[in-house]
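Input: a single structure, listed below in structure tokens.
Number of protein chains: 2
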Amino acid sequence: MQHSPLYAGVDVGGTKTLMILAEQDGTILSEWRVASDAQTDPETFFGGILDELRREVAKQGRDVSALRGIGLGLPGVIGPAGILTHAPAFPWQETPVADILGQRFDGAVYLDNDVNVAALGEQWQGAAQGVRDFLMVTVGTGIGGALYLDGRIYRGAGAAAGEIGYSVIAPPAALLSHNGTAPPAAVASGDVFGQFEQIASGTGIGRLAREHLTRCDRSAVDASLIAQLAGGAPEAVNARHVLAAAAQGDAEALELLRLPLDYMAIGIANAVSLLNPAMVVIGGGVADSGELYVAAVRERIAALTPIATDVVAARLGNRAGAIGALAGVIPNRV
Amino acid sequence: MQHSPLYAGVDVGGTKTLMILAEQDGTILSEWRVASDAQTDPETFFGGILDELRREVAKQGRDVSALRGIGLGLPGVIGPAGILTHAPAFPWQETPVADILGQRFDGAVYLDNDVNVAALGEQWQGAAQGVRDFLMVTVGTGIGGALYLDGRIYRGAGAAAGEIGYSVIAPPAALLSHNGTAPPAAVASGDVFGQFEQIASGTGIGRLAREHLTRCDRSAVDASLIAQLAGGAPEAVNARHVLAAAAQGDAEALELLRLPLDYMAIGIANAVSLLNPAMVVIGGGVADSGELYVAAVRERIAALTPIATDVVAARLGNRAGAIGALAGVIPNRV
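Sequence lines, in order, name chains A and B.
-12 is the number of the first residue of the first sequence in the working numbering; add one for each residue after it.
-12 is the number of the first residue of the second sequence in the working numbering; add one for each residue after it.
Pasting the structure below:
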């Protein structure tokens, strides 16, 4: 046992990074969180992760050479050569993560985006065990999607597959162009593009609630369960408060969730019609806040597509990414 | 050459069936169309296709045993066991096509739905040659979709993948439910579901045009290029007349195409965001009617998703299905 190989799964976030050190059979030896210093340069950042992992290996009484592979989930697009782009949480542009790690570590490196590793995690140890075809959707600050098709992550032609957050749904009348060929001004100007994520994400739910409460008079705010849950301060309200109130049957919260739920259900239903997945796994902070959210999305989806699918809540919470990163790097995983 | 194996590609439609007889290298020996007798029983129907193919083999001066494989594209869902369901063009319910053919033919049989074989055809000899990831959309009487992902047709968990025609887009205000949990009445009643296909298909374009012209007075109908192309009879107008008029820059036709084009572009753009395909191939009668349609959809898509893709017209027209059925059955195809 002492000489058996070790593997690490790392879920890199803009503020926190979760690390898991495990045996090849998946037995977890250690699991811990460190602050992400997003302002540092990539070499220091990823070098720091390696140092952290090696310290933990030593702390476990093992030689650092026992660490044979590292899987990383990253908040951005990972190109085929292991180059990270589109990572708004970091000030970097094109970051050659595979090269940076390869210069400092000679074991296996597996890199993927944060939603893909969350899907791998749910498939290995969570809600999608044994499922060969599923869609993973994460609803938190933003909206993420991952496609697990025919037993593997499908990344698309440019490693950008899964962007259900870019869905265009329920466009306003302004969307519709006024001649047969030119794209409508509202579309070209971006009024429509991005609307889905702005409404259906946790950020969107929180914003809708704050906008609503600032339109209410003082007595209505005082009577608002949502505002009470946020300590009486409308400006402090976020999606969690809305979902907590809705879970108690609060009418105001249920009404506020209507549009975000309709949007999310339409976006997922369209993906279900297109992909015919056996399952849709919904994770992220909003979905993790309680069974109400997933149940409401599930009920709507059934009315929006004739293609049957199981709509379930993710099971691994914010550990899914690190567990999936581990799943991606452990060889011959059972 | 005389003793080399022969293969057949057959595209079964509700009114016509296209047959191709070819050598293993794809060289076409014969290509012909027969009427589909959709009212007969499945045994007679598929037995008739076999008889037709064997007659043609004999006509080519070859022994019937030279026919080693038959690929069929069918207008419905083909389950894993080769059972055809959801085929509205036929009065049959669950048709065991693989069994019926297997009892009468001992060569290889390849079965797939009509859009999947069209995608295979375009990938082999048409617009998507060398492309590993693309979405095929056919716009005709209805709307069909096929996913060619990572070098092969992706069928989903229940062999129903590709149903972009079920997309829900631009729902009316009635879609939005009035509480946080129940699906909206308009959705549950089907007012929204199916709307995409009703508007964006060729059938939808023709219906929109007929509805418009019946609202016009006699002088407006007389002045309408669309009506003229239909021989002056508004009730005879179909999508072809609208597209032909639009190709001449006719303002009425361009205005009528606005909504169907917006819907189609949104449906495809959402699929592009989800799948990140290298290419979208648009085929079917509407797309085949001229470059205007595909160009207008292409322009809109570029404004509706940040994921880049090539939007191109299909090249094989209504031969794509039979060519793709051939592609599906020829072994070790280069």
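By construction, the Cβ of each residue, glycine as well, lies at the ideal position given by its N, Cα and C atoms.
- Using beta-carbon distances, N103(A) does not count as an interface residue toward chain B, since no partner is under 8 Å.
- Look at the segment 199 to 230 of chain B and you find these whole runs of alpha helix (DSSP H), each 4 residues long or longer: 205 to 210, 212 to 216.
- Taking a 10 Å sphere around the C-beta of W111(A), we find 16 or more other C-beta atoms and assign the residue as buried.
- In the three-state scheme derived from DSSP, where H, G and I count as helix and E and B as strand, I15(A) is classed as strand.
- Among the residues of chain A, those whose CB is under 7 Å from the CB of V155(B) are I253, A256, N257, L291, following chain order.
- The Cβ-Cβ distance between G254(A) and A105(A) does not fall below 8 Å.
- Across the set P247(B), A234(B), R20(B), L261(B), the C-alpha of P247(B) shows the shortest separation from the C-alpha of G129(B).
- Its Cα nearest to that of V268(A), the residue D297(A) stands out among D249(A), D297(A), R306(A).
- Apart from sequence neighbours up to five positions away, the residues of its chain that approach L212(B) with a beta-carbon distance below 6 Å are A232, D237, ordered along the chain.
- Contact between the segment 39 to 46 of chain A and the segment 8 to 28 of chain A is present: 3 or more CB-CB pairs across the two stretches fall below 8 Å.
- Scanning its chain for C-beta atoms nearer than 8 Å, with the 5 sequence neighbours on each side dropped, one finds around A22(A) the residues T2, K3, T4, in chain order.
- Residue pairing by DSSP places D297(A) opposite M266(A) in a beta bridge.
- For E239(A) and A210(A), the gap between their C-alpha atoms comes out near 10 Å.
- With a cutoff of 8 Å on beta-carbon distance, G13(B) and G315(B) are scored as not near each other.
- DSSP places D237(A) outside any beta strand (DSSP E), giving it a letter other than H or E.
- In this structure, the beta-carbon distance from I310(A) to G56(A) does not fall below 8 Å.
- Secondary structure of N103(B) (DSSP, three-state): helix.
- Excluding its 5 nearest sequence neighbours in each direction, Y97(B) has C-beta neighbours in its own chain below 8 Å: G56, I57, G58, L59, A312, G315, V316, listed in chain order.
- Contact between the segment 133 to 151 of chain B and the segment 280 to 293 of chain B is absent: fewer than three C-beta pairs spanning the two stretches fall below 8 Å.
- For N305(A), no CB of chain B lies under 8 Å from its own CB, so it is not counted at the interface with that chain.
- The beta-carbon of D(-2)(A) is placed no less than 8 Å from the nearest beta-carbon of chain B.
- T31(A): member of the alpha helix (DSSP H) spanning 29 to 46, first to last residue.
- Note: E10(B) is bridge-paired with L(-7)(B) in the DSSP secondary-structure output.
- In the three-state reduction of the DSSP assignment, P247(B) falls in the helix class, which pools H, G and I.
- Ranked by Cα distance from L71(B), the first of F33(B), V224(B), V44(B), R49(B) is F33(B).
- Using a CB distance cut-off of 8 Å, G132(B) counts as an interface residue toward chain A.
- Collapsing the DSSP output to three states places F92(A) in coil.
- Under a 10 Å Cβ-count criterion, E150(A) is classified as buried, with 16 or more other Cβ atoms of the shown protein chains found around its own Cβ.
- Excluding its 5 nearest sequence neighbours in each direction, S17(A) has C-beta neighbours in its own chain below 6 Å: L8, E43, listed in chain order.
- For L291(B), the uninterrupted alpha helix (DSSP H) run begins and ends at 278 to 291, by DSSP.
- If you check the CB distance, A252(B) and L291(B) come in under 8 Å.
- For T82(A), the secondary structure class from DSSP, reduced to helix, strand or coil, is strand.
- Sixteen is the threshold: since fewer than 16 other Cβ atoms of the shown chains lie within 10 Å of the Cβ of E198(A), the residue is exposed.
- Annotated three-state conformation of V155(A) is coil, per DSSP.
- Comparing C-alpha distances from V64(B) to each of G181(B), V102(B), R20(B) shows the shortest one belongs to V102(B).
- When Cβ-Cβ separations below 8 Å define contact, A148(B) makes contact with chain A.
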